[in-house]
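Numbering (the numbering used here), first residue to last: 579 to 1168.
Built from N, CA and C at the ideal position, the CB exists for glycine as well.
Read the structure below first, then the notes.
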């Protein structure tokens, strides 16, 4: 096995075995002899070495790969043999060598590449580049741009700017030879030397190919070049800003996902039951850590590539990610996305059916009584009396059965034409099937108590057995006979914050008031007269628009809007109702 040598070729380090290294030295020495005494010799040799370095970089897959004789022979086949291109004085006399016919070699062509030709540019070199690529005079392409602008087809200016940004500039010798469809070898380098003896060093400079601007340019060309430079400057600044934004967004998102994964995984591992968020996002039987890991890959990998794109925009010298790494990350993202999609479908299936357990209990309230509604808490649970859709999880050990507590209690008040008041408790839960959901609802434990004329309702409920988040809820529906009076405590405010779907006649803001129960309507008994009339009118109109039948629970509308409402008819005929009697007694006491 041959020893390896580390070399620095045009600023790039390579590992090369001894045999290949010796052959490379002989090859470069022969090239130097071929161009010995030529003006710009050092620049020509540096250009050739840079081209060989590019070809070596294309041959190796990673920085640790060793270049052998095979790779070197392939590079020499592309560059050509130096003895065939010996430069002498005859070259610069516009005549071929007299005794070396086999040195005449046709320059091999390769596929043209699209670059911006800024040496012959009026603005950004886009038209000149297309001229070389399509092998047409750039004048026709420039006239086409002007015609598109005059005729108003599309947005040619915007398209030109986009092409200006996307198409790279031909800055090196290799770029300019590729732009014209020529290979970068010693033959073409020799041709460059012959064409520009006075400026051969600039003509073949690989890394910093300077533009030939010695010819006098017209005023219009100089003007457009200045405008182009200004536009390119601002576009580059915007590109850098965009790159910074991509880096910030990508890095912040990936970091947030990592913190979430570590935090939630640790909490679920060391203190299960501390929060219900893991169960909320995972109603399946899959481990929490697996779901979090899939989410990390599914959302983190795209944002990692956003971060990487921002880095590439800011640093053009950043080494590209290996293709194997890109394919590996894409495969990992694809697997994670598919698996997460399957779990998401299972998540919806787990909540697809709603089951409920309903119970009723009569209240010893007559149409002439006043019922007070009040929520109550518990000494066992330290939380405010406020309705919440989220669970407060506690690990309660009771005969080795875990239980959970929730404040998802909804209070609803409705009127009834019966003479008896009653309370209906609806315990609700979700599940993959109706029966499973109903069984889960039966595990809910909820309590209330009627003390004299005060109905004390628990502001929470507990559930035993399965503690997985299944969207459990308790609806407390209080039916009051028409003519009775309701007084709602202030702590009921958040529990009856309902929309029209629930057909709740107790509105927010009605707390701490005596309210007379009428047909699908509550009348304020202790409000000032002017405010009461205005308030009652609005509530009565809304009640008539959204009236319903208790028998079938279907909404119906009153179409005869010309009829005088009952409460106005009562005042006109001076009839007295039980509610009026209670209101009069309240006013007398005040």
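Proximal residues to residue i (C-beta, below 8 Å), its chain only, five neighbours per side dropped
i	result
residue 610	619 and 623
residue 823	888
residue 836	874 and 878
residue 640	900
residue 627	587, 588 and 606
residue 1088	1066, 1100 and 1102
Under the three-state DSSP convention, the category residue i falls into
i	result
residue 1075	coil
residue 746	coil
residue 642	coil
residue 1069	helix
residue 1026	strand
residue 999	strand
residue 700	coil
residue 959	strand
residue 714	coil
residue 613	coil
residue 1005	strand
residue 601	helix
residue 1090	coil
residue 1096	strand
CB contact flag (residue i, residue j, <9 Å)
i	j	result
residue 886	residue 1009	no
residue 949	residue 872	no
residue 1054	residue 1004	yes
residue 1084	residue 1001	no
residue 1036	residue 953	yes
residue 1042	residue 981	yes
residue 593	residue 584	yes
residue 1080	residue 988	yes
residue 832	residue 882	yes
Of the listed residues the options, nearest to residue i (C-alpha basis)
i	options	result
residue 828	884, 633 and 815	884
residue 935	1029, 1007 and 954	1007
residue 650	700, 596, 690 and 612	596
residue 1098	965, 819, 1061 and 1073	1061
residue 818	754, 890 and 831	890
residue 931	821, 585, 729 and 1013	1013
residue 925	840, 961 and 1049	1049
residue 738	707, 882, 1072 and 956	707
residue 744	693, 643, 1063 and 947	693
residue 912	880, 756 and 943	880
residue 757	811, 702 and 695	695
residue 943	956, 831 and 1030	1030
residue 1072	964, 1063 and 1023	964
residue 1051	1023, 1063 and 1077	1023
residue 813	938, 602 and 702	702
residue 629	654, 1086, 642 and 646	654
residue 839	821, 820 and 865	865
residue 914	1104, 876, 603 and 604	876
residue 1028	956, 951, 1064 and 1092	951
Inter-residue spacing [alpha-carbon to alpha-carbon] between residue i and residue j
i	j	result
residue 1096	residue 1019	33 Å
residue 996	residue 1058	8 Å
residue 1011	residue 867	26 Å
residue 920	residue 1025	39 Å
residue 808	residue 709	24 Å
residue 1094	residue 945	10 Å
residue 844	residue 918	21 Å
residue 750	residue 906	34 Å
residue 892	residue 815	10 Å
residue 700	residue 804	10 Å
residue 962	residue 1070	12 Å
residue 713	residue 746	18 Å
residue 748	residue 621	18 Å
residue 636	residue 697	28 Å
residue 559	residue 842	Any property of residue 559 remains undetermined from this structure, which presents the chain solely from 579 to 1168.
residue 896	residue 825	14 Å
residue 947	residue 993	14 Å
residue 1075	residue 909	48 Å
residue 672	residue 634	Residue confidence is low: residue 672 scores 38 on pLDDT, short of 50, so the model does not pin down where it sits. No coordinate-derived value is stated.
residue 652	residue 645	11 Å
residue 643	residue 625	24 Å
residue 715	residue 755	18 Å
Neighbourhood of residue i by C-beta distance below 7 Å, restricted to the same chain and skipping five residues each side
i	result
residue 734	723, 726 and 727
residue 741	704
residue 966	985 and 986
residue 719	705, 708 and 709
Beta-carbon proximity list for residue i, same chain, < 6 Å, skipping 5 on both sides
i	result
residue 631	587, 588 and 590
residue 690	711 and 759
residue 1090	1068
Residue i CB to nearest heavy atom of the ligand ADP below 8 Å
i	result
residue 1030	Ligands displayed in this structure: none; no statement on the ligand ADP is therefore possible.
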